[in-house]
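Right, one structure below, let's go through it.
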């Protein structure tokens with residue numbers, strides 16, 4: 086590594102001689118990068134975090150292309166007058182279809198749903214019953230007739246009156262039909278029990294991933310509602326709109342606000358810390374110079390306080406513009422996890438400038454001129470900085486091999502960000518040092534030797550106690566590591582949306598028996614529709630713990646083949662015959678009355694006769710009834726384990742012709758993503774650790790010093806896990822991405838301390854801590870502050886990233902400042918370290 090540093094030394098000398106050209110080129114390219122980066126957007130669609138080749142993603146994309154997506158929008162209209170609610174809903178439905186969207190050159194909404202044509206259905210319900218339901222009705226009527234015959238037989242002696250188990254089966258069959266009947270023939274309007282609340286459903290024409298469309302759609306709808314003046318229909322009328330599609334937009338806006346807030350909080354904290362540290366460091370060095378050279382007042386130092394931030398910040402901003410310019414060209418968008426990388430990279434990349442500039446101040450204080458100080462800073466810190474950056478970047482680049490794009494894109498952006506930061510700090514920052522020295526803005530006269538501060542300690546205090554405590558703690562954490570948990574509840578990782586919750590409460594009591602989070606299987610032929618239905622129902626029967634609640638296809642209720650239509654009409658005719666049987670002809674009751682009315686169909690129904698509210702779920706973008714199979718889960722899918730089980734139940738639907746279909750939905754994509762991340766993360770962590778080990782080993786060319794440099798990382802990670810156990814902190818979908826990053830970031834401290842100690846020789850650890858120890862502390866604190874901005878976000882998932890990173894980096898820093906010096910002193914006492922002349926072999 087030292088040879089690489091020496092090889093690039095002429096470039097440093099060139100930059101010292103031509104600082105204006107270096108700065109000009111850096112700024113011009115930064116402006117270009119920033120211009121390209123301005124096109125970046127944040128994509129919150131979870132489906133895009135998986136590779137396009139993933140079956141779940143392909144199934145969801147096929148669903149979107151065929152049916153336009155899964156999400157509709159609800160408009161809730163509430164007033165004491167049912168008639169006023171209906172009148173306003175009809176007018177809003179009519180006017181909403183007229184709203185034109187210039188970007189699409191088409192309507193905002195493709196369809197609406199409010200009034201349900203139920204009278205026709207009441208007379209023809211049995212035509213839309215499934216074959217199984219018709220068979221159960223026939224069996225029910227036949228049993229009713231048989232029972233009536235038995236009761237009419239005067240010679241019958243029945244000691245039990247009836248078979249309880251047989252009657253229970255009959256009742257269950259009938260209950261299933263009644264449940265289907267209530268679904269097929271709901272109330273005429275979607276209203277609550279006292280008719281004071283009505284729900285109008287709108288079907289958007291645009292994708293939920295098109296944020297501009299959503300913003301424009303909600304704005305136009307709000308304007309339309311205001312123009313219609315709900316109060317003119319009834320003084321107490323209240324109109325709200327929302328649902329999951331509005332929550333989606335609210336979540337995106339919340340994330341963007343969090344990004345800006347964390348950006349402001351994190352970066353301002355980093356800037357303030359850097360200014361304070363270097364202002365104090367420079368002023369203390371200034372006060373230790375010969376009094377005859379102290380020609381500047383305290384006020385002049387205060388005025389120059391922001392200069393260190395300019396010297397370090399300009400190269401950092403250049404690197405960030407390059408990074409996000411390339412990200413815009415290569416990826417085009419950021420995702421939920423990478424949206425906060427600007428502030429994280431700000432905290433990460435500034436470390437290298439801190440080390441370089443801090444060493445430069447020390448060398449200038451020793452009496453070196455500007456050019457020599459720049460070159461010596463490069464030569465003495467370059468190796469440690471390069472090793473540190475390469476290990477961090479390599480650890481992050483390992484994530485690029487993951488299929489989960491939350492890992493791979495995070496690794497790509499963060500990795501190139503680290504490399505650009507390294508380059509700018511080593512080759513742009515020296516030019517700035519030369520320029521600010523020429524302008525007399527640094528005030529760095531040589532320090533008087535008689536004013537130098539002597540170390541307080543010669544030996545690190547309580548070294549043995551620290552080693553024992555650290556080892557015992559590490560062993561204890563390893564013993565209890567099995568208790569570390571993963572958070573599978575997606576609900577706990579999402580921000581609270583009061584507006585969405587209020588809307589749900591406002592609309593409660595209307596159509597609450599609807600299934601939620603369905604999955605869709607889109608097949609090629611009608612024959613395959615029935616085979617998919619049969620396959621899924623066979624799975625339901627074979628597995629009592631299945632997550633499948635119901636399987637539905639409109640072709641079961643509206644047969645596509647003439648033979649099936651005729652078969653269904655024959656069954657309905659048989660039901661009519663049974664209803665006319667003398668033994669039950671005069672029987673009265675709700676069930677019999679429903680069957681009499683709903684069995685009047687004598688000719689096949691046409692597609693136009695089926696009410697829209699039954700067809701809407703199955704209509705394609707072309708307005709035709711699609712070949713869909715809808716699968717409903719037994720319970721909510723906010724729990725990741727249940728979501729994964731449902732995904733497994735509806736995936737890999739293999740048919741007799743060799744085709745394999747996969748169900749598509751956002752819930753299945755989220756489950757697939759969680760499953761993939763859970764599978765890949767252990768391999769990513771192991772691979773990252775191996776890469777870090779190799780990079781450090783190549784740098785030190787000594788197994789002993791490689792292990793010494795790595796120990797703070799290992800101990801710090803174990804302390805992190807210990808804190809998780811103590812406070813019940815869990816790994817989750819978001820913060821797992823930080824663990825490989827902590828491996829790369831956390832090794833920096835050990836690398837810098839070990840390199841400096843080897844350069845200074847034995848018995849120098851306290852001097853190393855008083856210099857390099859300061860630098861790594863400030864560097865780690867700036868990185869922690871970069872992540873700390875996430876602690877103040879409203880998004881629990883982003884908060885968990887901040888918590889994991891701050892605690893993890895903090896523990897690796899604490900380990901480097903305590904355990905590593907204690908261990909080095911212990912090894913010195915035991916004469917187990919190399920001789921001084923062997924310490925500088927690299």
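Residue numbers (my numbering): 86 to 927. C-beta: ideal position from N, C-alpha, C; glycine also.
Min CB distance residue i to chain C below 9 Å
| i | result |
| --- | --- |
| residue 348 | Among the chains in the structure shown there is no chain C, since it carries only a single protein chain. |
Residue i versus residue j: straight-line alpha-carbon distance, rounded
| i | j | result |
| --- | --- | --- |
| residue 401 | residue 428 | 11 Å |
| residue 103 | residue 516 | 8 Å |
| residue 180 | residue 326 | 15 Å |
| residue 663 | residue 230 | 8 Å |
| residue 742 | residue 614 | 13 Å |
| residue 241 | residue 697 | Any reading at residue 241 is ruled out, since the residue's pLDDT is 49, under 50, leaving its predicted position unreliable. |
| residue 735 | residue 603 | 11 Å |
| residue 889 | residue 825 | 11 Å |
| residue 765 | residue 820 | 14 Å |
| residue 107 | residue 871 | 28 Å |
| residue 575 | residue 147 | 25 Å |
| residue 690 | residue 212 | 8 Å |
| residue 272 | residue 342 | 42 Å |
Residue i - partner residues in DSSP beta bridges
| i | result |
| --- | --- |
| residue 323 | 163 |
| residue 186 | 191 |
| residue 816 | 571 |
| residue 710 | 704 |
| residue 739 | 745 |
Buried versus exposed, by CB contacts within 10 Å (16 or more), residue i
| i | result |
| --- | --- |
| residue 225 | buried |
| residue 185 | exposed |
| residue 553 | exposed |
| residue 592 | buried |
| residue 245 | The predicted model places residue 245 with a pLDDT of 49, which falls under 50 and marks its position as unreliable; any figure quoted below should be read in that light. The residue is exposed, with fewer than 16 neighbouring Cβ atoms inside 10 Å. |
| residue 737 | exposed |
| residue 884 | buried |
| residue 916 | exposed |
| residue 120 | exposed |
| residue 383 | exposed |
| residue 939 | With the chain covering only 86 through 927, there is no way to say anything about residue 939. |
| residue 564 | exposed |
| residue 628 | exposed |
| residue 547 | exposed |
| residue 865 | buried |
| residue 457 | exposed |
| residue 941 | Because the chain spans 86 through 927 in this model, residue 941 falls outside it and cannot be assessed. |
Residue i: CB within 8 Å of a non-hydrogen atom of the ligand FMN
| i | result |
| --- | --- |
| residue 128 | Absence of the ligand FMN from the depicted structure is noted, as is the absence of any ligand whatsoever, leaving it without description. |
Segment limits, beta strand (DSSP E) that includes residue i
| i | result |
| --- | --- |
| residue 647 | Residue 647 -> not in any beta strand (DSSP E); alpha helix (DSSP H) instead, spanning 647 to 664. |
| residue 197 | 194 to 198 |
| residue 396 | Counting along the chain, residue 396 falls outside any beta strand (DSSP E), though it belongs to the alpha helix (DSSP H) covering 392 to 415. |
| residue 713 | 713 to 718 |
| residue 574 | Where residue 574 is concerned, there is no enclosing beta strand (DSSP E), given that its DSSP letter is neither H nor E. |
| residue 418 | 418 to 420 |
| residue 498 | Residue 498 -> not in any beta strand (DSSP E); alpha helix (DSSP H) instead, spanning 490 to 512. |
| residue 675 | Note, residue 675: premise wrong, no beta strand (DSSP E); alpha helix (DSSP H) at 675 to 683. |
| residue 634 | 633 to 637 |
For residue i, the first and last residue of its enclosing alpha helix (DSSP H)
| i | result |
| --- | --- |
| residue 604 | Here residue 604 belongs to no alpha helix (DSSP H); instead the beta strand (DSSP E) covers 604 to 607. |
| residue 142 | 140 to 152 |
| residue 768 | 751 to 785 |
| residue 475 | 455 to 483 |
| residue 301 | 296 to 313 |
| residue 128 | Unbroken run through residue 128 is the beta strand (DSSP E), 126 to 128; no alpha helix (DSSP H). |
| residue 289 | Where residue 289 is concerned, there is no enclosing alpha helix (DSSP H), although the beta strand (DSSP E) it sits in stretches over 282 to 289. |
Query raised in the report: Is the stretch 786 to 805 in contact with the stretch 891 to 911, if contact means three or more CB pairs nearer than 8 Å?
Result: With the rule of 3 Cβ pairs closer than 8 Å, the stretch 786 to 805 counts as touching the stretch 891 to 911.
Query - At least three beta-carbon pairs within less than 8 Å, the stretch 851 to 859 to the stretch 315 to 325 - result: Contact fails: fewer than three Cβ-Cβ distances are below 8 Å.
Query raised in the report: Is it a yes or a no for the stretch 902 to 916 touching the stretch 603 to 610, going by three-plus beta-carbon pairs under 8 Å?
Result: The count of Cβ pairs closer than 8 Å, one atom from the stretch 902 to 916 and one from the stretch 603 to 610, stays below three, leaving the stretches out of contact.
Query raised in the report: Are the stretch 459 to 472 and the stretch 487 to 494 touching, with three or more C-beta to C-beta distances below 8 Å?
Result: Not touching, per the Cβ criterion.
Requested in this report: Report yes or no: do the stretch 497 to 505 and the stretch 476 to 484 share at least 3 C-beta pairs separated by less than 8 Å?
Outcome: In this structure the stretch 497 to 505 lies against the stretch 476 to 484, because at least three pairs of beta carbons, one per stretch, are closer than 8 Å.
Query raised in the report: Is there contact between the stretch 446 to 453 and the stretch 146 to 165, where contact requires at least three CB pairs shorter than 8 Å?
Result: In short, these stretches do not touch, since the Cβ pair count stays below three.
Query raised in the report: Does the stretch 368 to 379 touch the stretch 341 to 354, meaning 3 or more C-beta pairs lie closer than 8 Å?
Result: Verdict: no, contact absent.
Query raised in the report: Can we say the stretch 272 to 285 touches the stretch 574 to 589, given the rule of at least three CB pairs closer than 8 Å?
Result: Between the stretch 272 to 285 and the stretch 574 to 589, the count of C-beta pairs closer than 8 Å stays below three; the two stretches do not touch.
Query raised in the report: If we count Cβ pairs, one from each stretch, closer than 8 Å, do we get three or more for the stretch 632 to 640 versus the stretch 659 to 679?
Result: Verdict: no, contact absent.
Query raised in the report: Between the stretch 138 to 147 and the stretch 424 to 441, are three or more C-beta pairs nearer than 8 Å?
Result: No, they do not touch.
Query raised in the report: Quick one: any contact between the stretch 203 to 223 and the stretch 645 to 657, if contact means 3 or more CB pairs under 8 Å?
Result: Yes, since at least three Cβ pairs between the stretch 203 to 223 and the stretch 645 to 657 fall closer than 8 Å, the two stretches touch.
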